[in-house]
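Undergrad:
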Amino acid sequence: RCGSWVVRLAAGRGHDVRAVVRPSSSYRPPPGVAVARGEVLDPRFVEEILPDHPLVISCIGQRRASPSPWSALRSPPDLVKRVMTNVVRAMSQKPGHRILWISAAGVGSSRARTTPAVRRIIDLGNIAVAYRDLEAAERVTDGAEVESLAVRPVTLRPGSPGGDVGPVDRYGLLSTIRRGDVARWILDVADGTRAFQGRTVLLGRIRTRVLEPVPFLGRGVEVQEC
6 RCGSWVVRLA
16 AGRGHDVRAV
26 VRPSSSYRPP
36 PGVAVARGEV
46 LDPRFVEEIL
56 PDHPLVISCI
66 GQRRASPSPW
76 SALRSPPDLV
86 KRVMTNVVRA
96 MSQKPGHRIL
106 WISAAGVGSS
116 RARTTPAVRR
126 IIDLGNIAVA
136 YRDLEAAERV
146 TDGAEVESLA
156 VRPVTLRPGS
166 PGGDVGPVDR
176 YGLLSTIRRG
186 DVARWILDVA
196 DGTRAFQGRT
206 VLLGRIRTRV
216 LEPVPFLGRG
226 VEVQEC
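Take the sequence shown: its letter number 73 is residue 78 in our numbering, and every next letter is one higher.
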C-alpha cells in the first residue's frame, strides 16, 4: 500500500513519523515510527493527533470487497471527503502547515487527459462512487486556506521505488505506476528535492527527473495509511 511505503521511506530519511491507521489494522511500523490507531472520521480524533506535525500525507481511499467495479463497498461512499474535511479543519488553525494526499488520475480536470477506454472504466459501478468521493475531497482542499497538493497517480500497481516518475500529460489504459514510486515522489516534494508548483498533479512514469529544490515547511511528517 502507498501509506506503508510513505512511512517506510520517510522513516528511512530520518523524519519524525507518526502513522495513523484504522483501529482494526494489523499494520506493524518500522522501528522508530509511532502509531496512532483511531477513526479518522471522528473530528476530535483528527484534531488531537495532527497539531504536532506541520505536514500530513494522506493515502486513505475507498475499499471494495474485490477488484470488481460492482463489488460491495467496505467504506462509506464519502470517506475521503469526510476525512479531508476533518484534516483541513484541524490543519487550518496552524499557519504554514501542509497537506499532500493521494487522489486519482481522471479526477477533476485530469478527466480530459484520459482516453475513452479509461473513462468507461472509471464510470463503472463503485469505481464511479470512489471518483465522485475524490472529486468532492478535492473541492474541500481547493477551497481551504491550508497549502495542499492532490496527487493523481495513474493506475497503481505493487512495487518498490525504482522508476522515473513525474507529471504526465495523458492517462491511458496501459498507464501504470508503482506504489513505491508514488510514495517516493511525494516525499521528494515534501523534502524539497523535487520541485512542483500547483494544487494537483497527474503522476505517471516519465524518462526525465526534476531535481530543483524547493523549501520544505517543517521536519515532522504525519501519514495516514492507504
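Ideal placement from N, C-alpha and C gives every residue a C-beta, glycine not left out.
Strictly by DSSP, which residues pair up with A41?
TA: V25
Undergrad: The beta strand (DSSP E) with A155 in it runs from where to where?
TA: E152 to P158
Undergrad: Between G113 and E150, which are expected to be in contact by the criterion C-beta below 8 Å, what is the C-beta distance as a whole number of angstroms?
TA: Not really, about 20 Å apart at Cβ, beyond 8 Å.
Undergrad: Looking at W190: is its Cβ nearer than 7 Å to the Cβ of G130?
TA: No, the pair does not count as a contact, with Cβ atoms beyond the cut-off.
Undergrad: So R183 is in the beta strand (DSSP E); what residue range does that whole segment cover?
TA: T181 to R183
Undergrad: Can you find the residues in the same chain that come closer than 7 Å, C-beta to C-beta, to K86, ignoring five residues on each side of it along the sequence?
TA: D138, A141, A142 and V145
Undergrad: Name the two residues that bound the continuous alpha helix (DSSP H) containing W75.
TA: Here W75 belongs to no alpha helix (DSSP H), and DSSP marks it neither H nor E.
Undergrad: Rounded to whole angstroms, how far is the Cβ of V170 from the Cβ of L207, which I believe are closer than 8 Å?
TA: 11 Å between Cβ atoms; not a contact.
Undergrad: Cutting at 6 Å between CB atoms, please list the residues of its own chain near N91, excluding the five before and the five after it.
TA: P48 and V51
Undergrad: I'd like the list of long-range same chain contacts for S80, defined as Cβ closer than 7 Å, with 5 residues on each side in sequence excluded.
TA: Q67 and R68
Undergrad: Residues in the same chain with beta-carbon distance under 6 Å from G185, minus the five sequence neighbours each way, listed in chain order, please.
TA: W10, G164, S165 and P166
Undergrad: Take D57 as the anchor and find which of V22, S108, L179 and P35 has the nearest alpha-carbon.
TA: Closest by alpha carbon: V22.
Undergrad: My output table needs one value for V112: the three-state DSSP class, helix, strand or coil.
TA: DSSP, reduced to helix, strand and coil, places V112 outside both helices and strands of the structure shown, so it counts as coil.
Undergrad: Hey, quick one: how far does the alpha helix (DSSP H) through V61 stretch, first residue to last?
TA: V61 -> not in any alpha helix (DSSP H); beta strand (DSSP E) instead, spanning L60 to S63.
Undergrad: So, for A24: in the same chain, excluding its five sequence neighbours on each side, which residues have a beta-carbon less than 6 Å away from its beta-carbon?
TA: V12, P34, V38, V40 and V228
Undergrad: How would you call D193, buried or exposed, if buried means at least 16 neighbouring beta carbons within 10 angstroms?
TA: buried
Undergrad: Buried or exposed for P59, please, with buried defined as at least 16 other CB atoms from any protein chain shown within 10 angstroms of its CB.
TA: So P59 ends up on the buried side.
Undergrad: Taking only the alpha-carbon atoms, compute the straight-line gap between S153 and S97 and give it to the nearest angstrom.
TA: 11 Å
Undergrad: Let's see if you can read the secondary structure: which residues bound the beta strand (DSSP E) around L207?
TA: T205 to R210
Undergrad: Starting from L105, trace the beta strand (DSSP E) in both directions and tell me its first and last residue.
TA: R103 to I107
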